[in-house]
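Residue numbers (our numbering), protein chains in the order written: chain A, 1 to 87; chain B, 101 to 120.
Given below as structure tokens:
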């Protein structure tokens with residue numbers, strides 16, 4: 001099957017903001033870099049909040065209420081999405 | 101000028117500017 005995604009395989013294609021009941025959301029669409037073979041991602045990404053380019057010391061936690069991460073194969077016509085929320 | 105950095109894989113960091 002496809003190999004795990006690595007350096008340069010994925011790019012941010014779209015960031016969609018949303019807000020509900022005091023919580024802000026950003027849904028990030030990740031697509032294959034043009035010409036890249038399909039590859040897989042698994043689980044939650046590591047997430048760090050930066051302030052002026054440096055870690056801001058903000059704790060981040062996975063939230064299973066937004067869906068459980070499965071292994072996904074990213075294809076040229078099939079992107080992967082990550083939703084970030086903060087309140 | 102806050103941002104969020106996601107590691108989708110150990111060698112695949114993606115930076116999202118314009119947070120906060």
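All C-beta atoms in this analysis are idealised placements derived from N, C-alpha and C, irrespective of residue type, glycine included.
Can you round the beta-carbon distance between residue 31(A) and residue 16(A) to whole angstroms, since I take them to be within the 8 Å contact cut?
Here residue 31(A) refers to the residue found at position 31 of the first chain. Here residue 16(A) refers to the residue found at position 16 of the first chain. That pair is no contact at about 14 Å.
Give the DSSP bridge partners of residue 39(A), in chain order.
Within the first chain, numbered from 1, the residue matching residue 39(A) stands at position 39. 3(A), 74(A).
Helix or strand or just coil, what does DSSP make of residue 29(A)?
The residue given as residue 29(A) occupies position 29 in the first chain. In the structure shown, residue 29(A) sits in a strand (DSSP, three-state: E or B).
State the Cα-Cα distance for the pair residue 69(A) and residue 45(A), rounded to the nearest angstrom.
Counted from its first residue, the first chain places residue 69(A) at position 69. Counted from its first residue, the first chain places residue 45(A) at position 45. Answer to the nearest angstrom: the Cα atoms are 10 Å apart.
If I'm right that residue 111(B) touches residue 56(A) with Cβ under 8 Å, what's the distance once you round it to whole angstroms?
For the purposes of this step, residue 111(B) is identified with residue 11 of the second chain, where counting begins at 1. For the purposes of this step, residue 56(A) is identified with residue 56 of the first chain, where counting begins at 1. Residue 111(B) to residue 56(A), Cβ: 23 Å. No contact.
Is residue 47(A) helix, strand or coil when you go by DSSP?
Within the first chain, numbered from 1, the residue matching residue 47(A) stands at position 47. Note: residue 47(A) maps to strand in three-state DSSP.
Quick check on residue 23(A): does DSSP put it in helix, strand or coil?
Indexing the first chain from 1 puts residue 23(A) at position 23. DSSP places residue 23(A) in strand when its eight states are reduced to three.
Answer yes or no: does any C-beta atom of chain B fall closer than 9 Å to that of residue 78(A)?
As a working mapping, residue 78(A) is identified with position 78 in the first chain. No, residue 78(A) does not count as interfacial toward chain B.
Which residues in the same chain as residue 75(A) place their Cβ atom closer than 6 Å to its Cβ, once the five residues preceding and following it in sequence are excluded?
Here residue 75(A) corresponds to residue number 75 of the first chain, with the count starting at 1. Same-chain partners within the cutoff: 38.
Taking residue 49(A) as the reference, give the member of 65(A), 14(A), 86(A), 58(A) with the closest Cα.
The residue labelled residue 49(A) in the question sits at position 49 within the first chain. Closest option to residue 49(A), Cα to Cα, is 58(A).
For the candidate residues 10(A), 28(A), 4(A), whose alpha-carbon lies nearest to that of residue 85(A)?
Locating residue 85(A) in the first chain gives position 85, counting from the first residue. The residue with the shortest Cα to Cα distance from residue 85(A) is 28(A).
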